[in-house]
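Note sheet for the following structure.
Number of protein chains: 2
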Amino acid sequence: MSARPPLGRPTLEMVAKEAGVSRATVSRVVNGQPTVNEDMAAVVHAAIERLQYVPNRAARTLVNRTSNAIALIVPEETTRFFQNPFFVAVVEGITARLEQSDFILNLLVASSDPRAKITRFLASGAVDAAIFVAHHAGDASITDVDRRIPTVFAGRPAGEGAEGRVYIDTDNADGAHRAGQHLIQRGRRRLATITGPLDMAAGQDRLNGFVRALAEHELEPVGVEVTDFTPRGAVRACERLLARTPDLDGLFVASDLMAVAALTWLRSAGRDVPADVAVVGFGDDPAASIAEVPLTTVRQPSIEMGRLLADAALRLIDGDADVAPVTVLPTELIRRSST
Amino acid sequence: MSARPPLGRPTLEMVAKEAGVSRATVSRVVNGQPTVNEDMAAVVHAAIERLQYVPNRAARTLVNRTSNAIALIVPEETTRFFQNPFFVAVVEGITARLEQSDFILNLLVASSDPRAKITRFLASGAVDAAIFVAHHAGDASITDVDRRIPTVFAGRPAGEGAEGRVYIDTDNADGAHRAGQHLIQRGRRRLATITGPLDMAAGQDRLNGFVRALAEHELEPVGVEVTDFTPRGAVRACERLLARTPDLDGLFVASDLMAVAALTWLRSAGRDVPADVAVVGFGDDPAASIAEVPLTTVRQPSIEMGRLLADAALRLIDGDADVAPVTVLPTELIRRSST
DNA sequence: GTCGGTCAAGAGAGCGCTCTCTCACCATGG
DNA sequence: CCATGGTGAGAGAGCGCTCTCTTGACCGAC
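Chains A and B, in that order, give the protein sequences. If you read the first sequence in numbering that gives the first Met the number 0, its first letter stands for residue 0, the second for the next number, and so on. If you read the second sequence in numbering that gives the first Met the number 0, its first letter stands for residue 0, the second for the next number, and so on.
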C-alpha cells in the first residue's frame with residue numbers, strides 16, 4: 000500500500016562498517032557476549048554512540064522468536080474496564096512489575112469480536128505471554144486461547160477451557176463471608192445482596208460466600224439482585240430490592256463502585272445509612288473512603304494482584320516450572336461508617 | 000541465551016505448499032490484493048483455514064517498516080498515573096478509538112530513567128507513533144523525542160523541545176477562570192488556590208486562569224500552595240494555607256482528586272463546606288459527585304481528549320498533513336454543593 | 001619446526017514476510 | 001499468421017538481526 004519510507008535509522012551493518020568489524024561482532028557487543036576483545040568492544044561502542052544505533056525490535060523478534068512483550072487482554076467494554084478502580088489497580092500492579100523488567104505491555108481491549116482479534120493477535124507472535132483481565136465465562140477467548148503461549152488470569156477463569164489455567168485471585172468467597180458475618184454481628188437480619196455478573200467467578204464467589212455466612216446463622220437472603228458491576232446496574236437493583244422488600248436492613252454490594260451508587264440512591268430514597276440500612280461493599284476502592292457515608296468494605300489487594308500476575312507471566316516465559324497454578328490472596332474487612 | 004523454541008506455527012511458505020501456489024500468491028490473498036484469480040484465492044483461503052495460519056507480526060513489521068502499534072508514553076510514577084482518574088480517562092479514550100482501528104496500544108510507564116528507556120523504545124521501530132501523557136517540563140523525553148516519529152501530547156508540552164508539537168489540551172486557563180469567577184460570584188473574597196506542579200502546563204495554566212479571574216475584580220489570592228496533584232500533597236497544602244490564612248473563605252483546587260482530599264481535611268479541621276469555605280475542584284472526576292459534599296468543579300472532556308489524541312496519531316501515521324497542531328477543548332463549570 | 005589446541009572474529013545462512021521483476025499465457029488486431 | 005498488449009502467477013531479493021560454522025592467529029609442547 001504505502002511506499003516503504005526509508006527509516007533512516009542506522010543498522011547493525013552500518014555500525015559494523017563504521018567500526019571496521021563484522022556484523023557478528025557488533026551483535027556480540029550489543030548483546031554483551033564476553034567473547035569479544037576489550038579494545039574492539041570499545042571501538043564498537045564508540046561507533047554505536049556516534050551513530051546513535053538502537054537495535055530494531057522487529058528484526059530481533061523475528062529471529063529470536065521472542066518479543067519481550069506481554070499482552071494485557073481485556074475482553075470487556077472500555078468504559079466498564081476503565082471506570083472500575085479494581086481493574087485499573089490491577090493494571091497498575093502489572094505495570095509496576097514490568098517496569099522492573101525490560102518487557103513492554105501491550106494493551107488489547109476487545110469487546111467487539113474478541114474471539115478473532117484476540118486469538119489472531121496471540122497467534123501472531125507479537126507477545127511472549129498474555130494476562131487476561133475481566134473475562135467472562137462465555138468468552139470464547141478463554142477456551143480458544145492457545146495453550147502454547149503462557150497465559151495468566153486475573154481472577155479464576157470460569158467456564159470451559161478454564162481447567163488447569165494459571166490464575167491469581169482474591170479470596171472472594173471468604174471476603175463476602177466476612178461481609179455477611181459483619182452485617183449479622185451488627186444485628187441485621189433482613190439481608191440482601193447486589194451481585195456482579197454470575198458468569199464471572201468474582202460475581203459467583205461473592206454471592207456464595209455471602210449466602211454461606213447467612214446460612215451459618217440459619218438465615219436466607221431476603222433479596223438477591225444480579226447485575227453487572229456498574230453503578231447504573233446497582234441503582235436499578237436497589238429499586239427492585241426496595242420495591243419488594245421495603246424493610247431491608249442490611250445490604251452487601253459486590254463492588255464498591257456499585258456500593259457507593261447504592262448508598263447515594265438509598266439516601267435519596269429516604270433511607271438512613273447505616274441506621275435504616277447497613278451497607279458493605281467490596282474492594283476498598285478509593286471511592287469507599289471518600290463517599291458521603293464512608294463505606295465499610297472488604298479490602299482486596301488489587302495492585303499486589305497485578306504485580307503477581309506480571310511476575311507469574313514473566314516466570315512462565317522463563318520456563319519456570321514451579322509457577323503456582325492457583326494463588327488466592329486474602330481479604331480484610333475495613334470497618335467504616337456505613338455499618 | 001535461550002534456545003530458539005520452534006514456534007510450530009504455520010508460515011506463508013507452508014500455506015503456499017498446502018495450496019500448491021507460490022508464497023507471493025498467498026501473500027496477495029492475505030492482503031486482499033485484487034489481482035488474484037477467484038478460484039485460486041478460494042484454494043488459498045481453504046489452506047489458510049486448514050492450517051490456522053496467522054501472519055507473523057514481526058516479519059511484517061520488519062519488511063513493511065510499520066508496526067501497527069502506537070505507544071502510550073507515561074514519564075510518571077505508576078501510582079500517580081493510575082490513581083489519577085483524569086489520566087485513566089484519557090487512556091480510556093485512546094483505547095476506545097484504537098479499538099476501531101487495527102492498531103495495538105503499547106503502554107510504556109517509565110518513571111525511572113525515562114530518557115533512555117523511552118527514546119530507545121521509540122527508536123527501535125516498535126511503534127508507528129507515540130502519545131505522551133503526564134509529561135513534565137523537565138522531562139528529557141520531550142526534548143529528545145525523535146521528530147521522525149509522529150508524536151502527540153496530552154496537554155500542552157512545556158519546556159524545551161515543545162515548540163511545534165501537536166497537542167490536545169483542555170482549556171485549563173479558561174476553566175480555572177470560571178472557577179475563580181464562580182467563587183467571587185458566591186460572595187467569597189479571601190480566595191486561595193492549591194495548584195498542580197508548575198512544570199506541567201496544566202498546573203501553570205490553572206493557576207494563571209484563577210489569578211486572572213481575581214485580578215478582574217481587583218483581588219489577589221490570599222494564598223497559593225504549589226503541590227503535586229496528589230491527595231497527600233493537597234492535605235499538606237491545606238494545613239499550610241489555614242495556618243497562614245485562617246479566615247480563608249474560598250478555595251480553588253486544581254484537581255478533583257486533591258479537592259476531595261482537601262474537603263475531607265477541611266471538615267475534619269472543623270470548617271464547614273461551603274458555609275465557611277467554598278471549594279471548587281477541577282476535572283469532574285467520578286469522585287466529585289460522590290464526595291461527602293458533592294463537589295463543584297470544572298468539567299473537562301477527558302475521554303474525548305483521549306479519542307482525539309489517538310485520532311491525531313492515526314492521522315499523522317497516515318501522512319495526513321492537516322492535523323491541527325493545537326486543539327483546545329472547552330470546559331464547563333458543574334455546580335454542586337461545595338460552593 | 002611442526003603440530004594440536006584455544007579463542008576471537010568473520011562468513012553466510014535464514015527467521016517470515018512483501019514487493020519488484022520477469023515470464024507465461026491468452027486475447028486481440030493488423 | 002505473427003506482433004502486441006494485458007493479466008495473473010512465480011522467482012528471488014532483501015528487511016535487520018542472530019547464530020552456527022569456519023577461519024585464522026597465536027600459544028605452548030613435543
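The beta-carbon is built from N, C-alpha and C at its ideal position, and this holds for glycine as well. Just so you know, these numbers come straight off a predicted model, no measurement behind them.
Cα-Cα separation, residue i to residue j
{"i": "residue 147 of chain A", "j": "residue 307 of chain A", "result": "21 Å"}
{"i": "residue 276 of chain A", "j": "residue 209 of chain A", "result": "17 Å"}
{"i": "residue 317 of chain B", "j": "residue 62 of chain B", "result": "18 Å"}
{"i": "residue 186 of chain B", "j": "residue 256 of chain B", "result": "25 Å"}
{"i": "residue 293 of chain B", "j": "residue 144 of chain A", "result": "45 Å"}
{"i": "residue 229 of chain A", "j": "residue 127 of chain B", "result": "35 Å"}
{"i": "residue 199 of chain B", "j": "residue 167 of chain B", "result": "14 Å"}
{"i": "residue 225 of chain B", "j": "residue 201 of chain B", "result": "12 Å"}
{"i": "residue 84 of chain B", "j": "residue 285 of chain B", "result": "8 Å"}
{"i": "residue 197 of chain B", "j": "residue 333 of chain B", "result": "25 Å"}
{"i": "residue 97 of chain B", "j": "residue 305 of chain B", "result": "10 Å"}
{"i": "residue 203 of chain A", "j": "residue 261 of chain A", "result": "20 Å"}
{"i": "residue 295 of chain B", "j": "residue 274 of chain B", "result": "14 Å"}
{"i": "residue 323 of chain A", "j": "residue 95 of chain B", "result": "34 Å"}
{"i": "residue 49 of chain B", "j": "residue 195 of chain B", "result": "58 Å"}
{"i": "residue 40 of chain A", "j": "residue 116 of chain B", "result": "22 Å"}
{"i": "residue 2 of chain B", "j": "residue 328 of chain B", "result": "A caution first: residue 2 of chain B carries a pLDDT of 37, below 50, which makes its placement in the model unreliable, though a value can still be read off. For residue 2 of chain B and residue 328 of chain B, the distance between alpha carbons rounds to 52 Å."}
{"i": "residue 108 of chain A", "j": "residue 133 of chain B", "result": "22 Å"}
{"i": "residue 278 of chain A", "j": "residue 213 of chain A", "result": "15 Å"}
{"i": "residue 36 of chain B", "j": "residue 14 of chain B", "result": "17 Å"}
{"i": "residue 149 of chain B", "j": "residue 42 of chain A", "result": "33 Å"}
With 16 other Cβ atoms within 10 Å as the buried cut-off, status of residue i
{"i": "residue 33 of chain B", "result": "exposed"}
{"i": "residue 99 of chain B", "result": "exposed"}
{"i": "residue 105 of chain B", "result": "buried"}
{"i": "residue 254 of chain A", "result": "buried"}
{"i": "residue 301 of chain B", "result": "buried"}
{"i": "residue 171 of chain B", "result": "buried"}
{"i": "residue 156 of chain B", "result": "buried"}
{"i": "residue 21 of chain B", "result": "exposed"}
{"i": "residue 246 of chain A", "result": "exposed"}
{"i": "residue 12 of chain A", "result": "exposed"}
{"i": "residue 290 of chain A", "result": "buried"}
{"i": "residue 7 of chain A", "result": "exposed"}
{"i": "residue 151 of chain A", "result": "buried"}
{"i": "residue 270 of chain B", "result": "buried"}
{"i": "residue 337 of chain A", "result": "buried"}
{"i": "residue 88 of chain B", "result": "buried"}
{"i": "residue 138 of chain A", "result": "buried"}
{"i": "residue 31 of chain A", "result": "exposed"}
{"i": "residue 297 of chain B", "result": "buried"}
Nearest to residue i (by Cα), restricted to the options the options
{"i": "residue 92 of chain B", "options": "B:319, B:338, B:310", "result": "B:310"}
{"i": "residue 45 of chain B", "options": "B:128, B:195, B:17, B:30", "result": "B:17"}
{"i": "residue 26 of chain B", "options": "B:7, B:38, B:8, B:59", "result": "B:59"}
{"i": "residue 68 of chain A", "options": "A:102, A:167, A:89", "result": "A:102"}
{"i": "residue 86 of chain B", "options": "B:282, B:324, B:333", "result": "B:282"}
{"i": "residue 207 of chain A", "options": "A:297, A:8, A:174", "result": "A:174"}
{"i": "residue 248 of chain A", "options": "A:202, A:192, A:284", "result": "A:192"}
{"i": "residue 220 of chain B", "options": "B:211, B:273, B:227", "result": "B:211"}
{"i": "residue 70 of chain A", "options": "A:333, A:319, A:313", "result": "A:313"}
{"i": "residue 47 of chain A", "options": "A:36, A:64, A:29, A:38", "result": "A:29"}
{"i": "residue 426 of chain B", "options": "B:49, B:205, B:216", "result": "In the structure displayed, chain B extends from 0 to 338; residue 426 of chain B sits before or after that span and is not available."}
{"i": "residue 303 of chain A", "options": "A:129, A:261, A:321, A:330", "result": "A:330"}
{"i": "residue 122 of chain A", "options": "A:82, A:66, A:153, A:154", "result": "A:66"}
The region 13 to 34 of chain B: which residues have C-beta closer than 9 Å to a C-beta of chain A, in chain order? 30
Give a yes or no on contact between the region 74 to 82 of chain B and the region 75 to 83 of chain A, applying the rule of three or more CB pairs nearer than 8 Å. no
Could you please tell me which residues of the region 309 to 326 of chain B, in chain order, have their CB closer than 9 Å to any CB of chain A? 317, 318
Below 8 Å, can you find three or more Cβ-Cβ pairs linking the region 108 to 118 of chain A to the region 46 to 53 of chain A? Cβ pair count under 8 Å is below three, so no.
Closer than 9 Å, Cβ to Cβ, to anything on chain A: give me those residues from the region 55 to 68 of chain B, in chain order. 55, 56, 57, 58, 59, 60, 61, 62, 63, 64, 65, 66, 68
Along the region 92 to 104 of chain A, what residues have a CB closer than 7 Å to any CB found in chain B? 94, 95, 98, 103, 104
Would you be able to state if there are at least three C-beta pairs under 8 Å between the region 251 to 266 of chain B and the region 222 to 240 of chain B? yes
Check whether the region 156 to 167 of chain A touches the region 176 to 186 of chain A, taking contact to mean three or more Cβ pairs, one atom from each stretch, closer than 8 Å. no
Check each residue of the region 276 to 310 of chain B: if its Cβ is closer than 9 Å to any Cβ of chain A, include it; give the result in chain order. 285, 286, 288, 289, 290, 291, 292, 293, 302
Taking beta-carbon pairs under 8 Å, can you tell me which members of the region 186 to 219 of chain B lie near chain A? none
Closer than 7 Å, Cβ to Cβ, to anything on chain B: give me those residues from the region 237 to 269 of chain A, in chain order. Those would be 259, 263, in chain order.
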